[in-house]
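If you read the sequence shown in this note's numbering, its first letter stands for residue 135, the second for the next number, and so on. From the three backbone atoms N, C-alpha and C, an ideal C-beta is built for every residue, glycine too. Note that the structure is predicted; figures quoted are calculated from it, not measured. Worksheet: the structure to be examined is printed underneath.
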Amino acid sequence: VSADGERWPRWLRPMMSARFYTPCKTHPDSRRGGVRAMFCLDCADVAGALCSLCADQGHRGHHVIRVRRSTYSSVLIVADVRGLLDVDGVQTYVINGARVVFLRERGPQQRHARSAWSFVNQCGCGRGLLEAFRFCSLSCKFPGCRHDGNASSSPPSPPRNAADQASTPPPPPQPAHRRKGIPHRAPFGNLAV
Numbered sequence: 135v136s137a138d139g140e141r142w143p144r145w146l147r148p149m150m151s152a153r154f155y156t157p158c159k160t161h162p163d164s165r166r167g168g169v170r171a172m173f174c175l176d177c178a179d180v181a182g183a184l185c186s187l188c189a190d191q192g193h194r195g196h197h198v199i200r201v202r203r204s205t206y207s208s209v210l211i212v213a214d215v216r217g218l219l220d221v222d223g224v225q226t227y228v229i230n231g232a233r234v235v236f237l238r239e240r241g242p243q244q245r246h247a248r249s250a251w252s253f254v255n256q257c258g259c260g261r262g263l264l265e266a267f268r269f270c271s272l273s274c275k276f277p278g279c280r281h282d283g284n285a286s287s288s289p290p291s292p293p294r295n296a297a298d299q300a301s302t303p304p305p306p307p308q309p310a311h312r313r314k315g316i317p318h319r320a321p322f323g324n325l326a327v
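Here's what the structure looks like:
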């Protein structure tokens with residue numbers, strides 16, 4: 135809880151509005167820096183996204199975390215924010231051996247007919263979730279911190295599960311272009327030996 139009574143840390147809103155993985159204006163030609171993928175939790179209001187050189191030079195001794203990239207989205211490693219931010223209820227993913235949460239909402243995903251996943255819950259943004267989770271990202275869990283400037287602190291709508299959406303089951307999906315059909319063999323009954 136922040137000092138002004140909100141349910142999130144004071145650095146979360148600036149982190150949501152920061153633009154990560156863009157060129158650093160201070161170090162545009164640096165091979166080591168150059169891309170802003172760090173965030174200083176102590177200087178959140180003034181610093182914004184930082185490259186590694188900016189973080190080394192001006193934020194030594196501060197609590198700086200790295201924002202990672204996964205499928206063109208910003209993610210945080212759960213171990214990096216454990217103790218700093220409550221990520222309970224946010225769906226986690228394992229990427230390169232690390233458990234991560236998405237920073238911003240991802241939107242509804244396409245439903246595939248042969249999907250191995252069966253989503254039980256649905257996030258307020260329309261994203262399908264596994265049973266143990268209620269939110270697809272940190273911005274869905276903390277709606278007042280969204281990067282689009284929406285500062286409403288209204289509680290998120292409760293997740294909808296499959297039982298609430300319809301009482302009748304949907305029809306089974308039609309198979310799309312089966313590779314093999316019913317085998318058509320030569321009639322062996324007419325052969326005389």
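TODO: Report yes if the CB atom of Leu237 is closer than 7 Å to the CB atom of Leu272, and no otherwise.
DONE: Locating residue 237 in the sequence shown gives position 103, where the first residue counts as 1. Locating residue 272 in the sequence shown gives position 138, where the first residue counts as 1. Leu272 sits close to Leu237, with the two beta carbons spaced by under 7 Å.
- [ ] Confirm, please, whether the CB-CB distance from Ser208 to Val201 is below 7 Å.
- [x] Numbered from 1 along the sequence shown, position 67 holds the residue referred to as residue 201. Numbered from 1 along the sequence shown, position 74 holds the residue referred to as residue 208. Between Val201 and Ser208, the C-beta spacing is below 7 Å.
- [ ] Confirm, please, whether the CB-CB distance from Thr156 to Arg170 is below 7 Å.
- [x] Mapped onto the sequence shown, residue 170 falls at position 36. Mapped onto the sequence shown, residue 156 falls at position 22. Using a Cβ distance threshold of 7 Å, Arg170 and Thr156 count as a contacting pair.
TODO: Tell me whether the beta-carbon of Ile189 lies closer than 7 Å to the beta-carbon of Met172.
DONE: Reading the sequence shown from its first residue, position 55 is the one you call residue 189. Reading the sequence shown from its first residue, position 38 is the one you call residue 172. What sits at residue 189 in the sequence shown is Ala, not Ile. Here Ala189 is near Met172, since their CB atoms are less than 7 Å apart.
Task: Buried or exposed by the 16-neighbour rule on C-beta atoms within 10 Å, applied to Asn255 - done: Within the sequence shown, residue 255 is the residue found at index 121, counting from 1. Answer is buried; the Cβ neighbour count reaches 16.
Task: Alpha-carbon spacing of Gly217 relative to Gly231, whole angstroms - done: Counted from its first residue, the sequence shown places residue 217 at position 83. Counted from its first residue, the sequence shown places residue 231 at position 97. If I take the Cα positions, the gap works out to 20 Å.
Open item on the list: So, for Val234: in the same chain, excluding its five sequence neighbours on each side, which residues have a beta-carbon less than 8 Å away from its beta-carbon?
Closed with: As a position in the sequence shown, residue 234 is number 100, starting the count at 1. Only Arg202, Ser204, Val209, Leu210, Ile211, Val212, Thr226, Tyr227 and Val228 meet the Cβ criterion.
Open item on the list: What does the Cβ neighbour count give for Val180, buried or exposed, with the cut at 16 atoms within 10 Å?
Closed with: One-based indexing of the sequence shown puts residue 180 at position 46. Counting the other Cβ atoms within 10 Å of the Cβ of Val180 gives fewer than 16, which makes it exposed.
TODO: Could you check how far apart the C-beta atoms of Ala183 and Phe154 are, in whole angstroms? I think they sit under 8 Å.
DONE: One-based indexing of the sequence shown puts residue 183 at position 49. One-based indexing of the sequence shown puts residue 154 at position 20. Confirmed, Cβ separation roughly 5 Å.
Open item on the list: Applying the 10 Å Cβ sphere with the 16-neighbour rule, what's the burial state of Pro162?
Closed with: Working through the sequence shown from its first residue, we reach residue 162 at position 28. So Pro162 counts as exposed.
Task: Arg319 classed as buried or exposed, judged by whether at least 16 other C-beta atoms fall within 10 angstroms - done: For the purposes of this step, residue 319 is taken as the residue at position 185 of the sequence shown. In this structure Arg319 is exposed. Its beta-carbon is surrounded by fewer than 16 other beta-carbon atoms within 10 angstroms.
TODO: Express the C-alpha separation of Cys257 and Phe269 in angstroms, rounding to a whole number.
DONE: Here the question's residue 269 lines up with position 135 in the sequence shown. Here the question's residue 257 lines up with position 123 in the sequence shown. For Phe269 and Cys257, the distance between alpha carbons rounds to 5 Å.
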